[in-house]
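Asker:
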Amino acid sequence: MRILILTLVSAGLLAAQERATLIGKVTDAAGKAVEHATVMVYEAGVRKGYSIYCPTCYPDCGKHAVTDPEGNFTISGLNPDLVFTLLALHDGFSVTFVTKVDPAKGPAETAVLKTRTSPENPQQIVRGRVVDIHGVPVRDALVEQQGVATSDEAGRTMRAFGPMNWIDLMAVTNQKGEFEIAYGKPAVSMILQVTPRGMSAKLFTEPTGAEVKTMTVSDGATVRGRLVMNGKPVPNAQIGLVTHSQMAGQGLPEMRIGTREDGTFAITNVPAGRIYYLYGRMESLAPQGVAAEMVACETKDDGQEVDVGDIQVRPAYTLRGMVKLSDGKPIPPDMRINLFPDRGRDSQSVLLGPDGKFEFKGIAKGVYDLAPSVRGYRIGDANTMEELVDRDISGLMITLQPAPAPAGRGR
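Residues in the sequence shown are numbered from 10 upward in steps of one, following the numbering used here.
#1: Does DSSP put L261 in a helix, a strand or coil?
#2: Report the rounded CA-to-CA distance for K222 versus T308, giving the unit in angstroms.
#3: With a floor of 4 residues, list each alpha helix (DSSP H) that falls wholly inside the region 272–331, ordered by position along the chain.
#4: Quick check: the Cα distance between A325 and L151, rounded to an integer number of angstroms?
#5: Just the Cα atoms here: how many angstroms apart are L405 and R329?
#6: Rounding to the nearest angstrom, what Cα-Cα distance links P363 and S227 in this structure?
#7: Okay, do the region 108–118 and the region 83–95 touch, 3+ Cβ pairs below 8 Å being the bar?
#8: With distance defined between alpha-carbon atoms, name the residue in V43, T231, T30 nearest to D310.
#9: If we ignore side chains and look at the alpha-carbon of each, how far apart do Q410 and D378 end up?
#10: I'd like to check one pair, V315 with R233: are the Cβ atoms closer than 8 Å?
#11: Are the Cβ atoms of G240 and T119 separated by less than 8 Å?
#12: Give the DSSP-derived three-state secondary structure of K374 in the structure shown.
#13: What is the DSSP secondary structure of K114, counted as helix, strand or coil?
#14: In the DSSP output, what is N347 paired with across the bridge?
#15: Are the beta-carbon atoms belonging to C70 and E52 less than 8 Å from one another?
#16: I need the straight-line Cα distance from A20 to E292, nearest angstrom please.
#17: Take I402 as the anchor and find which of V376, R384, T393, P342 has the nearest alpha-carbon.
#18: Return yes when the Cβ of F367 is within less than 8 Å of the Cβ of T327, no when it is not.
#19: Alpha carbon to alpha carbon, what distance is there between G249 and G218?
#20: Tell me the rounded alpha-carbon separation between T393 and Y192.
#21: Determine the direct distance from the alpha carbon of N88 to that of A29, and round the result to whole angstroms.
#22: In angstroms, rounded to a whole number, what distance separates the CA positions of R125 and I176?
#23: Contact check, L122 vs V35 under 8 Å by CB: the rounded distance?
#24: Tell whether a beta-carbon distance below 8 Å holds between L427 and G58.
#25: Can the beta-carbon of L212 be found less than 8 Å from the beta-carbon of Q154?
#26: Just how far apart, CA to CA, sit E187 and R136?
#27: Under the three-state reduction of DSSP, which class applies to P131: helix, strand or coil?
#28: Could you compute how far the alpha carbon of M264 sits from the alpha carbon of I276?
#29: Quick check: what's the CA-CA separation for I407 versus M179?
#30: With a 10 Å radius around its C-beta and 16 neighbouring C-beta atoms as the bar for buried, classify G385 as buried or exposed.
#31: Do you know whose CA, among R283, P413, G260, R345, lies nearest P383's CA?
#32: Can you say whether Q297 is buried or exposed, counting buried as having 16 or more other CB atoms within 10 angstroms of its CB?
#33: Within its chain, find whatever has a CB closer than 7 Å to the CB of G272; leave out the 5 residues flanking it on each side and keep chain order.
#34: Report buried or exposed for H143, applying the criterion of at least 16 other Cβ atoms within 10 angstroms of its Cβ.
#35: Which two residues bound the contiguous alpha helix (DSSP H) that contains E27?
#36: Just list the residues that DSSP pairs F213 with in beta bridges.
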């Protein structure tokens with residue numbers, strides 16, 4: 010057991026050493042450095058091969074930094090197997106995207122911000138002022154759209170989620186805590202996620218209009234615990250925490266933290282009044298063939314300390330199988346298969362072998378979705394299949410059918 014625990018420590022340190030660091034610069038249209046701009050990883054994708062995994066769902070998405078007086082920024086701890094789309098924003102400027110950013114190839118292309126023009130129709134905007142519980146303005150809080158409600162000619166309210174039709178996908182508060190975010194057409198209200206630095210994220214539903222809405226954020230709660238295996242601490246493992254509800258407009262992003270040398274962890278600034286799932290992330294545990302049980306917990310009040318006690322790490326299951334194509338063609342190189350638990354936001358992704366074989370280690374007992382990513386193929390009428398894992402599984406066979414060609418196009 011001592012050997013296993015030491016192996017876990019070494020694996021955690023090695024993973025940290027292998028992480029990528031991304032650097033870049035932000036300027037205005039005249040080439041002048043922009044200080045205090047926020048730069049965020051908006052999307053990610055595999056550097057090699059093909060994947061149907063949601064591009065904004067990778068763990069690196071949401072990592073961000075603020076530019077220095079020379080407009081420079083650094084984002085560290087990134088997956089070296091991914092390439093990224095960055096989003097840069099600053100009060101008074103429109104959001105700018107920088108695509109196909111590969112940290113291994115050097116600095117990102119300079120993000121050039123252009124002056125933002127506000128829509129004339131106030132029904133397209135929400136203006137807000139973010140303050141703490143003492144009424145003090147909160148600077149550099151990220152404000153992200155999470156949904157919008159519009160009204161049709163008959164007065165019926167319709168809700169939409171996703172990035173389509175937004176003028177501003179995101180905004181950031183200025184020195185006065187103020188921001189403005191706009192939709193592409195008149196709306197009734199917007200669902201906004203406000204994420205202040207060093208405080209807890211919060212969802213707001215605010216009506217559109219010229220009036221400035223005051224939006225109060227707080228410190229949130231703290232969730233504590235300890236990761237153990239056979240009574241011994243498991244250090245340098247990663248813990249994930251995510252809201253039970255992941256419905257559009259209700260879920261909050263996953264929070265992550267590492268365990269200390271004594272196996273303990275403390276996740277601060279956890280939004281109050283929500284139910285969460287807490288788990289050891291497979292990325293840090295699966296390579297050793299172990300997994301941690303998932304624990305449900307609840308935060309009720311700001312300042313609350315929630316202690317979940319010991320979370321047990323145990324030998325885990327392995328799932329082996331093969332993907333084959335119904336037309337008998339070979340699997341193209343660098344295709345993938347992804348595995349997702351039915352709860353939480355954890356995942357694994359592995360390359361398919363030339364013969365279509367795959368292996369997932371470190372799986373805890375539970376229900377999982379399997380999503381093969383082979384360009385031009387799918388599982389029947391879906392892109393995923395579900396599998397109950399309560400033992401080691403070998404010989405799982407997944408047959409993919411050719412996907413229909415898009416309307417108006419041949420294969």
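Backbone N, C-alpha and C define an ideal beta-carbon position, used for all residues, glycine too.
Answerer: Taking the coordinates as given:
#1: For this step, residue 261 is matched to residue 252 along the sequence shown. If DSSP states are grouped into helix, strand and coil, L261 belongs with coil.
#2: Residue 222 sits at position 213 when you count from the first residue of the sequence shown. Residue 308 sits at position 299 when you count from the first residue of the sequence shown. Cα to Cα, K222 sits roughly 26 Å from T308.
#3: 291–294
#4: Here residue 325 corresponds to residue number 316 of the sequence shown, with the count starting at 1. Here residue 151 corresponds to residue number 142 of the sequence shown, with the count starting at 1. About 38 Å.
#5: What you label residue 405 is simply residue 396 of the sequence shown in a count that begins at 1. What you label residue 329 is simply residue 320 of the sequence shown in a count that begins at 1. Cα-Cα distance, rounded: 6 Å.
#6: Here residue 363 is taken as the residue at index 354 of the sequence shown, counted from 1. Here residue 227 is taken as the residue at index 218 of the sequence shown, counted from 1. Going by the C-alpha atoms only, they are around 52 Å apart.
#7: yes
#8: Sequence index remark: in the sequence shown, residue 310 carries index 301 (1-based). Answer by Cα proximity: T231.
#9: Position 401 of the sequence shown, counted from the first residue, corresponds to residue 410. Position 369 of the sequence shown, counted from the first residue, corresponds to residue 378. Q410 and D378: Cα-Cα distance of roughly 18 Å.
#10: Here residue 233 corresponds to residue number 224 of the sequence shown, with the count starting at 1. Here residue 315 corresponds to residue number 306 of the sequence shown, with the count starting at 1. Their beta carbons are under 8 Å apart, which means R233 touches V315 by this criterion.
#11: For the purposes of this step, residue 240 is taken as the residue at position 231 of the sequence shown. For the purposes of this step, residue 119 is taken as the residue at position 110 of the sequence shown. No, they are not a contact pair.
#12: What you label residue 374 is simply residue 365 of the sequence shown in a count that begins at 1. The answer is coil: DSSP assigns K374 none of H, G, I, E or B.
#13: Position 105 of the sequence shown, counted from the first residue, corresponds to residue 114. K114: helix per DSSP, three-state reduction.
#14: Taking the sequence shown and counting its residues from 1, the one referred to as residue 347 is at position 338. S358, A380, per the DSSP bridge assignment.
#15: For the purposes of this step, residue 70 is taken as residue 61 along the sequence shown, with counting starting at 1. For the purposes of this step, residue 52 is taken as residue 43 along the sequence shown, with counting starting at 1. Taking 8 Å as the Cβ cut-off, C70 and E52 qualify as a contacting pair.
#16: Taking the sequence shown and counting its residues from 1, the one referred to as residue 20 is at position 11. Taking the sequence shown and counting its residues from 1, the one referred to as residue 292 is at position 283. Confidence at A20 is low in this model, with a pLDDT of 43, below 50, so the placement of that residue is unreliable and no value is reported for it.
#17: Counting from one through the sequence shown, the residue named residue 402 turns up at place 393. Considering only alpha carbons, the answer is V376.
#18: On the sequence shown, position 318 is the one that residue 327 refers to. On the sequence shown, position 358 is the one that residue 367 refers to. In this structure, F367 does not lie closer than 8 Å to T327 by Cβ.
#19: The sequence position of residue 218 within the sequence shown is 209, counting from 1. The sequence position of residue 249 within the sequence shown is 240, counting from 1. Computed Cα separation, rounded: 38 Å.
#20: Position 384 of the sequence shown holds residue 393. Position 183 of the sequence shown holds residue 192. Spanning the two alpha carbons is a distance of roughly 33 Å.
#21: Taking the sequence shown and counting its residues from 1, one reaches residue 29 at position 20. Taking the sequence shown and counting its residues from 1, one reaches residue 88 at position 79. One C-alpha to the other measures close to 6 Å.
#22: Counting from 1 along the sequence shown, the entry for residue 125 is found at position 116. Counting from 1 along the sequence shown, the entry for residue 176 is found at position 167. Near 10 Å, if we compare the C-alpha coordinates of I176 and R125.
#23: As a first step, residue 122 must be located in the sequence shown, where it is residue number 113. As a first step, residue 35 must be located in the sequence shown, where it is residue number 26. Confirmed, about 6 Å.
#24: Past the edges of the chain, shown from 10 to 420, lies residue 427, and the structure says nothing about it.
#25: The residue labelled residue 212 in the question sits at position 203 within the sequence shown. The residue labelled residue 154 in the question sits at position 145 within the sequence shown. Not closer than 8 Å, so no.
#26: Here residue 187 corresponds to residue number 178 of the sequence shown, with the count starting at 1. Here residue 136 corresponds to residue number 127 of the sequence shown, with the count starting at 1. When the Cα atoms are used, E187 and R136 turn out to be separated by approximately 7 Å.
#27: Your numbering for residue 131 matches position 122 in the sequence shown. Correct three-state label for P131: helix.
#28: Translated into positions along the sequence shown, residue 264 becomes position 255. Translated into positions along the sequence shown, residue 276 becomes position 267. So the alpha carbons of these two residues sit roughly 8 Å apart.
#29: As a working mapping, residue 407 is identified with position 398 in the sequence shown. As a working mapping, residue 179 is identified with position 170 in the sequence shown. Rounded to whole angstroms, I407 to M179 spans 40 Å at the Cα level.
#30: Within the sequence shown, the letter at position 376 stands for residue 385. The residue is exposed, with fewer than 16 neighbouring Cβ atoms inside 10 Å.
#31: By 1-based counting over the sequence shown, the position of residue 383 is 374. Note on residue identity: the sequence assigns Val, not Pro, to residue 383. Comparing Cα positions, the closest option is R345.
#32: For the purposes of this step, residue 297 is taken as the residue at position 288 of the sequence shown. Buried, since its Cβ has 16 or more Cβ neighbours within 10 Å.
#33: Taking the first residue of the sequence shown as position 1, residue 272 is located at position 263. Closer than 7 Å at Cβ, skipping near neighbours: R235, L236, V237, P242, V243, P244.
#34: Taking the first residue of the sequence shown as 1, we reach residue 143 at position 134. Exposed: under 16 other Cβ atoms inside 10 Å.
#35: Taking the sequence shown and counting its residues from 1, the one referred to as residue 27 is at position 18. Per DSSP, E27 belongs to the alpha helix (DSSP H) from 11–27.
#36: If you number the sequence shown from 1, residue 213 lands on position 204. Answer by DSSP bridge pairing, in chain order: L201.
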